[in-house]
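First up is the structure itself, then whatever we jot down about it.
2 protein chains.
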Amino acid sequence: MRDEIIAYKRERILEEAVKLFYARGFTGTTLDDIAAELGVTKPFIYTHFRSKNDLLAAVCLPTIEMSVAAIQRGVDTAGSPTEKLRLAVEGFTRVVIERQPNIAIFFREEKNLAPEALAEIVQTQKKFDRLLSKLLTDGVEAGEFDIPDVSLAALAIGGMISWSYTWHRPNGRLSIEELCGRMADFALQMAGVRLIAAMA
Amino acid sequence: MRDEIIAYKRERILEEAVKLFYARGFTGTTLDDIAAELGVTKPFIYTHFRSKNDLLAAVCLPTIEMSVAAIQRGVDTAGSPTEKLRLAVEGFTRVVIERQPNIAIFFREEKNLAPEALAEIVQTQKKFDRLLSKLLTDGVEAGEFDIPDVSLAALAIGGMISWSYTWHRPNGRLSIEELCGRMADFALQMAGVRLIAAMA
DNA sequence: CACTTTCGCTACCAGCGGGTAGATTAACCC
DNA sequence: GGGTTAATCTACCCGCTGGTAGCGAAAGTG
Numbered sequence: 130m131r132d133e134i135i136a137y138k139r140e141r142i143l144e145e146a147v148k149l150f151y152a153r154g155f156t157g158t159t160l161d162d163i164a165a166e167l168g169v170t171k172p173f174i175y176t177h178f179r180s181k182n183d184l185l186a187a188v189c190l191p192t193i194e195m196s197v198a199a200i201q202r203g204v205d206t207a208g209s210p211t212e213k214l215r216l217a218v219e220g221f222t223r224v225v226i227e228r229q230p231n232i233a234i235f236f237r238e239e240k241n242l243a244p245e246a247l248a249e250i251v252q253t254q255k256k257f258d259r260l261l262s263k264l265l266t267d268g269v270e271a272g273e274f275d276i277p278d279v280s281l282a283a284l285a286i287g288g289m290i291s292w293s294y295t296w297h298r299p300n301g302r303l304s305i306e307e308l309c310g311r312m313a314d315f316a317l318q319m320a321g322v323r324l325i326a327a328m329a
Numbered sequence: 130m131r132d133e134i135i136a137y138k139r140e141r142i143l144e145e146a147v148k149l150f151y152a153r154g155f156t157g158t159t160l161d162d163i164a165a166e167l168g169v170t171k172p173f174i175y176t177h178f179r180s181k182n183d184l185l186a187a188v189c190l191p192t193i194e195m196s197v198a199a200i201q202r203g204v205d206t207a208g209s210p211t212e213k214l215r216l217a218v219e220g221f222t223r224v225v226i227e228r229q230p231n232i233a234i235f236f237r238e239e240k241n242l243a244p245e246a247l248a249e250i251v252q253t254q255k256k257f258d259r260l261l262s263k264l265l266t267d268g269v270e271a272g273e274f275d276i277p278d279v280s281l282a283a284l285a286i287g288g289m290i291s292w293s294y295t296w297h298r299p300n301g302r303l304s305i306e307e308l309c310g311r312m313a314d315f316a317l318q319m320a321g322v323r324l325i326a327a328m329a
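Protein chains in written order, with our numbering: chain A, 130 to 329; chain B, 130 to 329.
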């Protein structure tokens, strides 16, 4: 019970921090701003986070881990490389869209992260690249994909999707599901999969 | 002569500012840092720029304009939409790679730009999207491209390329020319152009 | 060589904001 | 209901940094 309350407060702080970091930037947001938004005062935040930087890390890390997990779920699915890639891309796109502010904050505020936190995230990102590259390689070996440069393709696909954080608007023209589906279509095209229509 | 010297000093300030903003972030860099790197003192900078924000704008704006210009050159080329798209993508990729620090600074430090400067850049970005969307539409109408959702394709292609600023390393595995070529290949695949091999 | 102009520097200020110490209040418990 | 503990606030500090005023030195000028 006590722990749940503490966890809840921590979450509330994170929510407001995300909102303000996203809107005004990390250095453009003061701890007083966050506290005011919550109706509390600055020292309150310090009972849940060691420092402003700690707060930033808590905003970024879990979201990057969710991204890797999405790719991992695609890879772990039973099915062909084509099906795995579709699932991985859809899942990753969903993370980027649903956690757009966190993703945006991470990519913008990287330089404000403490070195240890950054190192941990960089490790996670490497895992992301490895998983995606491996998936593409498997597809090439299975004869389903046609990719001259797998590493570059992984970066291109990852980038196309990550970039969504810059332009996506909630209540935009497309639903999340549509968006995920079309991103997967693009990824399959980039992987050289033929017969997109046949999978619809 | 006098004007050239002034312009040169301005350029030197910008060079160091780009270097430091890129390495440490905008707020992580002080004007004293920049001045020290140049072997001068802070007031020197103020004879060339009105404020630290002005300096940031001067780092970002021209590079975004170069990006649009690259797309424009592709569009203005005589040739088929396929050829135009290839040129546009290659040119834009080259800008992103060659001006990687400036591109990175812009996307990271957007929230630190003065509203007027940001507004100007946003206008330029809209022009970028319009040009690219128009080019894709022309290709579809000419029967060369097969794109279900042109606006989304423009964002996906633009994103795939822009993202290079996050991973590209000078002295990387691929030369700039190779990179530009392969990005163009990806873009054509995303546009549904068949027979990539036939154009090699 | 005196006079002027140009240029950059020394020295300073003021506000901001992360972080903390200690008081204060509320909750909990015999 | 007194006493203890946990939670949060008030009030403060201090280092940092963007920005400026005014000085001094050098260089150009007749």
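We put the beta carbon where it would ideally sit given N, CA and C, even for glycine.
For clarity, every value in this text was computed on a predicted model and none was experimentally measured.
- For Thr176 (chain A), the secondary structure class from DSSP, reduced to helix, strand or coil, is coil.
- Just so you know, the alpha carbons of Asp267 (chain B) and Val251 (chain A) end up roughly 41 angstroms apart.
- The DSSP-derived three-state label of Thr253 (chain B) is helix.
- DSSP places Pro191 (chain B) inside the alpha helix (DSSP H), whose first and last residues are 181-205.
- The DSSP-derived three-state label of Phe274 (chain B) is coil.
- Restricted to the segment 136-179 of chain A, not a single beta strand (DSSP E) segment is unbroken, complete and at least 3 residues in length.
- Residues of chain B whose Cβ lies closer than 9 angstroms to the Cβ of Ser291 (chain A) are, in chain order, Gly288, Trp292, Thr295.
- Within chain A, the residues whose beta carbon sits less than 7 angstroms from that of Met319 (chain B) are Phe315, Gln318, Met319, listed in sequence order.
- DSSP places Asn300 (chain B) outside both helix and strand once states are collapsed to three, so it counts as coil.
- By the neighbour-count criterion, in which 16 or more other beta carbons inside 10 Å mark a residue as buried, Lys255 (chain A) falls on the exposed side.
- Taking 8 angstroms as the upper bound for CB-CB distance, Ile200 (chain B) and Leu260 (chain B) are in contact here, some 5 angstroms apart.
- Chain A places a beta carbon closer than 9 angstroms to that of Ser280 (chain B), counting this residue as a contact.
- For Gly268 (chain B), the secondary structure class from DSSP, reduced to helix, strand or coil, is helix.
- Three or more Cβ pairs closer than 8 angstroms define a contact, and the segment 289-302 of chain B meets that threshold against the segment 218-231 of chain B.
- Annotation: Cβ neighbours of Thr156 (chain A) in chain B (cutoff 7 angstroms, chain order): Thr156.
- Annotation: Leu167 (chain B) has no Cβ neighbours in chain A at a cutoff of 7 angstroms; minimum Cβ distance is about 21 angstroms.
- When Cβ pairs closer than 8 angstroms are counted between the two stretches, the segment 228-240 of chain B is seen not to touch the segment 205-219 of chain B, the count staying below three.
- Taking a C-beta distance under 9 angstroms as the contact criterion, Phe257 (chain B) and Gly287 (chain B) qualify as a contact pair.
- In this structure, DSSP gives Leu242 (chain A) a state outside helix and strand, which the three-state scheme calls coil.
- At a cut-off of 9 angstroms between beta carbons, Arg311 (chain B) contacts chain A.
- For Pro277 (chain B), at least one C-beta of chain A is nearer than 9 angstroms to its own C-beta.
- The shortest CA-to-CA distance from Pro277 (chain A) to any of B:Glu307, B:Gly203, B:His177, B:Glu140 is the one to B:Glu307.
- Interface criterion met: the Cβ of Arg302 (chain B) is under 9 angstroms from a Cβ in chain A.
- Nearest Cα to Ile305 (chain A) within the set A:Glu219, A:Ala246, A:Val322: A:Glu219.
- DSSP places Ser293 (chain B) in the helix class (H, G or I) of the three-state scheme.
- For a cut-off of 8 angstroms, the C-beta gap from Ala186 (chain B) to Leu143 (chain B) is around 11 angstroms, too long to register as a contact.
- Looking at the backbone, the Cα of Arg141 (chain A) and that of Ala152 (chain A) are separated by about 17 angstroms.
- Within the same chain, Cβ atoms closer than 7 angstroms to the Cβ of Leu160 (chain B) are found at Lys171, Ile174, Lys181, the five residues on either side in sequence being excluded.
- Residue burial annotation: Gly157 (chain B) is exposed, with fewer than 16 other C-beta atoms found within 10 angstroms of its C-beta.
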